[in-house]
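Input: a single structure, listed below in structure tokens.
In the numbering used here, the protein residues as written are 9 to 409.
The following block contains the structure:
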């Protein structure tokens, strides 16, 4: 590549050499017009697929009226979306952001501020769990604790302690006088589609109640119908005090939110937190349109049916290709295939079959299609996954000859 035509982009991504021009439902179309089955979903973002008519209409109508005013004034769409989210969840109040990591940062600040106004400013530490991913800001990578994300960015931001995922005894031992909150993903996405079982999540709620801690569920990836409930913690019958969300609530438009009980949020009074773009009219129009669809009768039941069907179909791949696939993980339409071959190699082979998925930790391939998929999409996906596996098996056999 010559200096003249070299990319001006920071090379922070290992991008596949594909550019997409348009999308429709569960499919993307590249510059050549070739169609790809999209079971990556923009990393579990495009909850209603591509170019959903209701979302397109809502965004276009709002774009013709008003884009931005800032949070110096009331934003009616924000008030409406906050009320709808509160009515559908444990929450009393909502703070809107532009992304998942901003919602996580809000949750961290909210938890610390809560103890400050309670008269315990020494309680600022948050316990997280090994394998976690809480975003890419300095606080986010400190909370996630993964060395590959921390390397080269100076001293780790103080205030985060990690314990093994699912280990109640280690957790209780780690709690000290400076502990303010516990933060966990109900299902670790980047960490390899590892679910926290209901008993463990209920234990976290009990421990927080007994020790005066706040419980934060990071549902940035698991929320807004992804697992077949509006939020994944509902499967365990337990609620958090604070919950950052994003991804699915915008179905591709940048929007996040931090939901909380009034008690947990009581420290965030005027002047303590803010966002210039967060909750702008465009994002709120899309967020409300997403809820219109996700809250329709039968929508979440459809996700549950498709999730069960997909898990059954994916399980068959293990018997068919035992040297490629190890197990199926996850819930609803947040599924993962634990691989016996490098997931990067498999994803490259899968793209040659015109299907997209996304990698994850622990050598997992994440299967996160739009929530509107039907059985024929799942069958098409399984055919592509099997074809990719056969291609790798053939290549391995030829290399051994």
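Glycine residues also receive a C-beta, built at the ideal position from the N, C-alpha and C atoms.
Residue i, buried or exposed, once every other Cβ within 10 Å from all chains shown has been counted against 16
i	result
residue 75	exposed
residue 10	Interpretation of residue 10 is limited by its pLDDT of 44, a score under 50 that renders its predicted location unreliable; the figure taken from the coordinates is listed afterwards. Per the 10 Å Cβ criterion, exposed.
residue 230	buried
residue 6	What is shown of the chain runs 9 to 409, which leaves residue 6 out entirely.
residue 80	exposed
residue 373	buried
residue 237	buried
residue 255	buried
residue 77	exposed
residue 217	exposed
residue 198	buried
residue 54	buried
residue 97	buried
residue 187	buried
residue 241	buried
residue 293	buried
residue 170	buried
residue 82	exposed
residue 298	buried
residue 309	exposed
residue 270	exposed
residue 161	exposed
residue 259	buried
residue 390	buried
residue 351	buried
residue 407	exposed
residue 172	exposed
residue 72	exposed
Bridge partners - residue i, DSSP secondary structure assignment
i	result
residue 35	32, 45
residue 379	Paired residue(s): none; residue 379 is not in a bridge.
residue 333	347
residue 169	135
residue 373	345, 367
residue 338	343
residue 58	33
Residues near residue i by beta carbon distance below 8 angstroms, same chain, minus five either side
i	result
residue 37	28, 29, 30, 31, 43, 44
residue 272	118, 119, 122, 222, 249, 250
residue 7	One cannot answer for residue 7 here, as it falls past the ends of the chain, which runs 9 to 409.
residue 284	78, 79
residue 35	43, 44, 45, 46, 58
residue 353	400
Same chain only: Cβ atoms within 6 angstroms of residue i, ignoring 5 sequence neighbours per side
i	result
residue 322	336
residue 326	333
residue 239	227, 231
residue 399	357
residue 196	139, 202
residue 152	140, 141, 142
residue 157	149
residue 385	34
residue 375	47, 343, 365
Spatial neighbours of residue i in its chain, beta-carbon cut-off 7 angstroms, leaving aside the 5 residues before and after
i	result
residue 311	233, 236, 340, 341, 379
residue 348	331, 332, 333, 334
residue 395	361
residue 131	123, 186, 187, 188
residue 301	56, 62, 307
Chain B contact for residue i (CB, 8 angstroms cutoff)
i	result
residue 105	Protein chain content of the structure displayed is limited to a single chain, and chain B is not contained in it.
Exercise. Can you check the region 68-123 for any beta strand (DSSP E) of at least 3 residues that lies completely inside it and give the ranges in chain order?
Key: 101-105
Quiz item: Would the region 143-152 and the region 107-115 be scored as touching if the rule is three or more Cβ pairs under 8 angstroms?
Solution: yes
Self-check item: Contact between the region 128-138 and the region 188-205 (3+ Cβ pairs under 8 angstroms)
Solution: yes
Quiz item: Counting only runs that start and end within the region 176-260, where is the beta strand (DSSP E) found for 3 or more residues in a row?
Solution: 187-192, 222-225, 250-253
Practice problem: Report yes or no: do three or more beta-carbon pairs, one from the region 101-108 and one from the region 316-334, lie closer than 8 angstroms? | Solution: no
Self-check item: Any beta strand (DSSP E) of 3 or more consecutive residues that is wholly inside the region 263-332
Solution: 264-268
Quiz item: Counting pairs of Cβ atoms below 8 angstroms between the region 308-322 and the region 277-285, do you hit three or more?
Solution: no
Self-check item: Touch test, the region 77-96 against the region 286-293, Cβ-Cβ under 8 angstroms, three pairs minimum
Solution: yes
Quiz item: Is it a yes or a no for the region 341-350 touching the region 19-26, going by three-plus beta-carbon pairs under 8 angstroms?
Solution: no
Self-check item: At least three beta-carbon pairs within less than 8 angstroms, the region 65-73 to the region 384-403
Solution: no
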